[in-house]
Structures are given as structure tokens and as C-alpha cells.
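The block underneath contains the structure these notes are about, expressed in C-alpha cells.
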Amino acid sequence: MNALGLMLISLTVLFLLIMILFPEDRFYFRKYPKTIALNELEVIEHYDLINLYMRDGKNFVLDLEDYKKQYNSDSEFITLDVGLIARKDSFVLFDMYSAGKAKYKEKELSYIKNSNGKFTSLYVKNKRMLKKLEYKIRDDVAYKC
85 MNALGLMLIS LTVLFLLIMI LFPEDRFYFR KYPKTIALNE LEVIEHYDLI
135 NLYMRDGKNF VLDLEDYKKQ YNSDSEFITL DVGLIARKDS FVLFDMYSAG
185 KAKYKEKELS YIKNSNGKFT SLYVKNKRML KKLEYKIRDD VAYKC
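With our numbering, letter number 111 in the sequence shown gets 195, and the count goes up by one each step, no holes.
As C-alpha cells, then:
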């Protein structure tokens with residue numbers, strides 16, 4: 085029994101050392117390329133969004149088409165969220181952008197574009213580990229951070 089206990093302790097210590105030295109995110113994110121040419125991205129999903137800033141400092145994100153329908157309606161109010169409405173004139177500033185998912189060589193990534201249509205953010209989220217791989221964008225090329 086003593087030898088079995090010693091073997092279990094040594095295997096546990098070895099397992100913990102492997103987990104510390106080689107975390108799972110290295111293996112998960114290793115399959116993503118180091119550089120990505122942005123013109124080679126294939127857009128899978130695309131959402132046009134608008135960020136609305138109110139006078140009191142709160143901000144809300146709405147779908148652009150939904151916002152246009154509500155703004156052009158006869159009502160003085162816009163529905164921001166379930167059970168939350170605001171007057172049309174209560175917004176100080178708004179910012180349009182788009183977000184979605186893209187594919188690069190069978191790898192799926194999420195992106196954010198500014199109102200000019202240029203990529204501002206490219207990233208991959210791993211929900212199981214709560215980690216995020218981000219790319220820095222320079223001269224239409226994304227570099228792995």
C-alpha cells in the first residue's frame with residue numbers, strides 16, 4: 085500500500101507540473117496562425133450595430149436596422165432593452181460599427197470593424213477556459229499577440 089500511495093502522489097505532482105508548465109490555452113490557440121492577411125478573411129456572419137450614448141453617461145448597443153425602424157416611426161421613444169425605453173432626443177452621441185465572425189483557412193475568428201469598414205479588432209474566445217487570443221492589426225495584416 086505504501087508503494088501505491090507513493091506512486092499516486094508522484095503522478096499527481098507530475099500532472100500538476102505539466103498543467104503549470106504547459107497550460108491548455110497554448111495547445112488550443114496554437115492552431116491559429118501567427119499572421120493573417122485581412123483581405124483573405126471570409127465573412128460568415130455580419131451585424132451592423134450602433135452604440136448610443138445618453139446624457140447621463142449610459143450607453144446602449146442596438147442593431148442598426150432596428151434603430152432605423154424605431155427612429156423613423158411616429159413614436160417619440162426608442163426601445164433599448166426589454167422594459168427599457170428612452171426618448172429619441174435623449175442621446176448625445178452615437179457610433180456605428182460592425183461585428184461578426186470570419187473564417188481564415190478553416191479557423192473561425194470574431195471581428196469588429198469601424199464605421200469606415202476597416203478592421204479594428206480580430207480575436208478568438210475560448211469559452212471553456214475563459215481566455216481570449218487577440219491579434220494586433222497593422223497595414224492590413226493581423227499579428228498574433
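Just so it is clear, CB atoms sit at the ideal spot from N, CA and C, and this is done for glycine as well. Remember, predicted model here, so these are calculated numbers, not experimental data.
Nonlocal neighbours in the same chain, by C-beta distance under 6 Å from residue i, ignoring five residues either side
| i | result |
| --- | --- |
| L125 | A186, Y188 |
| I120 | Y188, A226 |
| Y137 | N143, V176, L177 |
| Y112 | N210 |
Terminal residues of the beta strand (DSSP E) in which residue i lies
| i | result |
| --- | --- |
| D165 | 161–165 |
| G184 | 175–188 |
| L217 | 215–222 |
| D147 | 143–147 |
| N210 | 203–210 |
| R171 | 168–171 |
Cβ distance (whole Å) where residue i is taken to contact residue j below 8 Å
| i | j | result |
| --- | --- | --- |
| F203 | I134 | About 18 Å separates the two Cβ atoms, so there is no contact after all. |
| S194 | K172 | Between K172 and S194 the Cβ distance is about 31 Å, and since that is not below 8 Å, they are no contact. |
| K115 | K191 | 7 Å |
Pairwise C-alpha distance: residue j and residue i
| i | j | result |
| --- | --- | --- |
| S174 | D165 | 15 Å |
| F161 | Y151 | 11 Å |
| L100 | I93 | 11 Å |
| I169 | N156 | 15 Å |
| Y219 | N86 | 51 Å |
| G89 | T96 | 11 Å |
| R139 | V145 | 15 Å |
Extent of the continuous alpha helix (DSSP H) to which residue i belongs
| i | result |
| --- | --- |
| N123 | Looking at the DSSP string, N123 is not in any alpha helix (DSSP H), and its letter there is neither H nor E. |
| S94 | 86–105 |
Buried versus exposed, by CB contacts within 10 Å (16 or more), residue i
| i | result |
| --- | --- |
| K197 | buried |
Own chain residues within Cβ distance below 8 Å of residue i, not counting five before or after
| i | result |
| --- | --- |
| K118 | Y227, K228 |
Same chain, Cβ closer than 7 Å to residue i, five either side skipped, listed in chain order
| i | result |
| --- | --- |
| D182 | According to the sequence provided, residue 182 is Ser. The question's Asp does not apply to it. Excluding sequence neighbours, S182 sits near H130, Y131, D132, L133, K197. |
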